[in-house]
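Colleague: Please find one structure pasted underneath; my questions will follow.
Numbering (the numbering used here), first residue to last: 887 to 1137.
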C-alpha cells in the first residue's frame, strides 16, 4: 500500500510540474513530451541526455531481468509452460524463459516493423483489454469465491465494474476517433489468439481440463479422423491386435 501511494504521488507530482512548466497545448502537441520537459528544466546538455539514456537502459534491463523470473514462478505453479522452470546449470538463470521472452519480443518487433508508433498503437488496446480482464476476474472472485479474504478493496465489485466499463468506453472512443485503430485492434486480437495454443498446452496438465476438452472436440475428431487415419492405418492396427472370431471391438 505504501509503495502504491508513493507511485501515485510521484505521478501526480510529475503531471503538476509538467503542466506548470509547459503549456498543455504545446505539451500535448509534441511527439517527445518528456524530452521537451527535460530540456526545459535541465537544458540540453550532454549530462541530461546521458541520464535519460541511462534511465531508459535501466528500465529495459529491469524488464529483461524480472519478466523471466515471473515466467519461472508461473511455471512452478503450473500456470505456464513447464520447460520455463529450468535453471541454467552454470549461470543459475531461467534460460528457457529468457529465450521465450526474446522470441516473443522479436516477433512483436517484426509485426510492428520496428516502428515505435505502430508498437505504441498495439500497446494501448493491449493495456485496456488487460485491465478489463483483470477487473472481470476480480469481480468473479469476489462474488463467487468463498475463501476468506482479509483485505477488502475500497471500491469493491461495483467500483471494479465501473472501472471496467470506463476502460471499454475509452477503447471504443479510441476505435472511433483514432486513424488506423481498427487495423491495430485486429492485430492485437490476432496476437491474443496466438496465445491460445500455449494456454491449451498449459491446461493439458490439468486432468479436468483434458476431460472437458476431449468431451467437446470428440465430434470434430470423429469427422476429421479419416483425413489422417485411413483404411491402411486401420487395417494395420486390426492386424496387430490378433483378433479372434469371438472378440468384440468397442472402438
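For each residue, glycine too, the CB sits at the ideal point set by N, CA and C.
Quick one: does residue 973 have its CB under 8 Å from some CB of chain B?
Modeller: Included in the structure is just one protein chain, with no chain B present.
Colleague: With a CB to CB cut of under 8 Å and the five nearest residues on each side skipped, what residues in its chain are close to residue 972?
Modeller: Excluding residues within five positions, the ones whose Cβ falls inside 8 Å are 980, 981, 982.
Colleague: How would you write the range of the alpha helix (DSSP H) that residue 987 sits in, first residue to last?
Modeller: Looking at the DSSP string, the run of the alpha helix (DSSP H) that includes residue 987 is 981-997.
Colleague: Would DSSP call residue 1060 helix, strand or coil?
Modeller: Of the three classes helix, strand and coil, the one that applies to residue 1060 here is helix, per DSSP.
Colleague: Give, in chain order, every unbroken run of the alpha helix (DSSP H) that is at least 4 residues long and sits entirely within the stretch 1002-1074.
Modeller: Taking only runs of at least 4 residues, the alpha helix (DSSP H) segments lying wholly in the stretch 1002-1074 are 1002-1030, 1042-1063.
Colleague: Which of helix, strand or coil does DSSP assign to residue 926?
Modeller: DSSP places residue 926 in helix when its eight states are reduced to three.
Colleague: Helix, strand or coil: which one does DSSP assign to residue 1138?
Modeller: Only positions 887 to 1137 of the chain appear in this structure, which leaves residue 1138 out of reach.
Colleague: Compare the C-alpha of residue 1035 against each of 1024, 1044, 1045 and name the closest.
Modeller: Comparing Cα-Cα distances from residue 1035 to each of 1024, 1044, 1045, the minimum goes to 1024.
Colleague: Where does residue 973 fall in DSSP's three states?
Modeller: In the structure shown, residue 973 sits in coil (DSSP, three-state: anything other than H, G, I, E or B).
Colleague: Quick one: what does DSSP say residue 1110 is sitting in, helix, strand or coil?
Modeller: Helix, per DSSP.
Colleague: Which same chain residues end up closer than 7 Å to residue 901 when comparing Cβ atoms and leaving out the 5 residues on each side of it in sequence?
Modeller: Within the same chain, residue 901 has no close Cβ partners at all.
Colleague: Whose C-alpha, out of 1059, 1057, 1028, is nearest the C-alpha of residue 1045?
Modeller: Of the listed residues, the one whose Cα sits closest to residue 1045 is 1028.
Colleague: Mapping the DSSP letters down to three states, classify residue 1081 as helix, strand or coil.
Modeller: Reduced to three states, the DSSP call for residue 1081 is coil.
Colleague: How many Å lie between residue 903 and residue 916 at the Cα?
Modeller: Their Cα atoms are separated by approximately 17 Å.
Colleague: Per DSSP, what kind of secondary structure is residue 1133 in: helix, strand or coil?
Modeller: In the structure shown, residue 1133 sits in coil (DSSP, three-state: anything other than H, G, I, E or B).
Colleague: Could you compute how far the alpha carbon of residue 1012 sits from the alpha carbon of residue 1026?
Modeller: Looking at the two C-alpha atoms, the distance is approximately 21 Å.
Colleague: What three-state label does DSSP hand residue 1115 in the structure shown?
Modeller: The answer is coil: DSSP assigns residue 1115 none of H, G, I, E or B.
Colleague: Could you check how far apart the C-beta atoms of residue 986 and residue 957 are, in whole angstroms? I think they sit under 8 Å.
Modeller: Right, their Cβ atoms sit about 7 Å apart.
Colleague: Do the CB positions of residue 1018 and residue 1053 come within less than 8 Å of each other?
Modeller: Closer than 8 Å, so yes.
Colleague: Is DSSP giving residue 1097 helix, strand or coil here?
Modeller: If DSSP states are grouped into helix, strand and coil, residue 1097 belongs with the helices.
Colleague: Decide yes or no for the touch test of the stretch 1078-1090 against the stretch 935-953: beta carbon pairs closer than 8 Å, at least 3 of them.
Modeller: No, the stretch 1078-1090 is not in contact with the stretch 935-953.
Colleague: In or out: residue 1007 buried (at least 16 other Cβ within 10 Å) or exposed?
Modeller: That one is buried.
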